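**Q** 16 is the number of the first residue of the sequence shown in our numbering; add one for each residue after it.
Where a beta carbon is used, it is the ideal one built from N, C-alpha and C, also for glycine.
Computed from a predicted model, the values in this text were never measured in an experiment.
To start, I am sharing the structure in question, which I have written as structure tokens.
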Amino acid sequence: MSKQVVILLHGVGSNGKDLSALGDFWKPILPDTVFLSPDAPFHFDQGGDGFQWFSLIGVTNENRPQRIYQARESFDETISQIFSEQGIDPDRDKIVFVGFSQGSIMSLDALVRSRYPLVGVVAFSGRLSSPQPYEKNCETPVFLVHGKSDPVIPWSESEKANEQLTDLGFTVEARYEDHTQHTISPEGAMAAAEFIKKCFSE
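Here it is as structure tokens:
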């Protein structure tokens, strides 16, 4: 019997425990779902108990795609390890990636390179900055959520991602929230839960 699995991918400077609270929030709506929230593989440049998928030191719009490309191997190792530890079979189980900020960047990167047979991707406050080429994969629906008051990653980045993914043939839903900053609002979280529920039922 297949499992329903949500992989929560945190932002830079955060950790898996922080984002696991989102899974706790969703459990009443998605009661038969396994929520997994790994730490990113690298310690945050600025210290503390945070982690990062790739470094932001010296990052620019021009070199960000290369950073993402270089982060793929360690990202995939992290995902493979959690699959192995939890007995998850990506060819059998229904898997959704949910990212926030840098976690969204890596989720969308996995999507456009078709590295996993995902039944859905949710990207909060992210952007699509992956290096070309992208692969057309019309089977995985996408939900983009972004606050219009985000001072870290402009919400126009999700608009841009929406256009690019739609052009590739993806089915994309987007939610742009007027007063939300660089965070996940309760309303956005609820909308995402309903989206995930739909992904698992199809």
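For the structure I just gave you, are there three or more beta carbon pairs, one from the segment 33-42 and one from the segment 127-137, closer than 8 Å?
**A** No: fewer than three Cβ pairs fall under 8 Å.
**Q** So, for Thr48: in the same chain, excluding its five sequence neighbours on each side, which residues have a beta-carbon less than 6 Å away from its beta-carbon?
**A** Hits under 6 Å: Gln19, Val21.
**Q** Can you find at least 3 beta carbon pairs, one from the segment 139-157 and one from the segment 181-189, that sit closer than 8 Å?
**A** With the cut-off at 8 Å, the segment 139-157 and the segment 181-189 touch.
**Q** Which runs of the beta strand (DSSP E) fall wholly inside the segment 82-129 and span at least 3 residues, in chain order?
**A** For the segment 82-129, whole beta strand (DSSP E) runs of length 3 or above, ordered along the chain, are 109-115.
**Q** Tell me the DSSP bridge mates of Phe158?
**A** For Phe158, which the question treats as bridged, DSSP gives the partners Val137, Glu188.
**Q** Using the beta-carbon count (16 or more within 10 Å), is Met121 buried or exposed?
**A** Looking at its Cβ environment, which holds 16 or more other Cβ atoms inside 10 Å, Met121 is buried.
**Q** Output the boundary residues of the alpha helix (DSSP H) element that contains Leu34.
**A** First-last of the alpha helix (DSSP H) with Leu34: 31-41.
**Q** How would you call Gln96, buried or exposed, if buried means at least 16 neighbouring beta carbons within 10 angstroms?
**A** It is exposed - the Cβ of Gln96 has fewer than 16 other Cβ atoms within 10 Å.
**Q** Is DSSP giving Gln179 helix, strand or coil here?
**A** Correct three-state label for Gln179: helix.
**Q** Going by DSSP, name the residue or residues bridged to Leu51.
**A** In the DSSP output, where bridge partners are listed per residue, Leu51 has Ile22.
**Q** Determine the contact status of Asp108 and Ser17, defining contact as a CB-CB distance below 7 Å.
**A** Cβ distance < 7 Å, so Asp108 and Ser17 count as in contact.
**Q** Considering only the beta carbon of each residue, do Asn30 and Gly65 sit closer than 7 Å?
**A** Going by C-beta atoms, Asn30 is nearer than 7 Å to Gly65.
**Q** Per the DSSP calculation, Gln67 is bridged to which residue(s)?
**A** Looking at the DSSP assignment, Gln67 forms a beta bridge with Phe57.
**Q** Determine the DSSP secondary structure at Ser216, reduced to helix, strand or coil.
**A** Helix, per DSSP.
**Q** Measuring CB to CB, does Asp60 end up less than 7 Å from Ile44?
**A** Not closer than 7 Å, so no.
**Q** Give the straight-line distance between the Cα atoms of Lys212 and Asn76, rounded to the nearest whole angstrom.
**A** One C-alpha to the other measures close to 34 Å.
**Q** Hey, how far is the Cα of Leu34 from the Cα of Gly28?
**A** Taking the straight line joining both Cα atoms gives about 12 Å.
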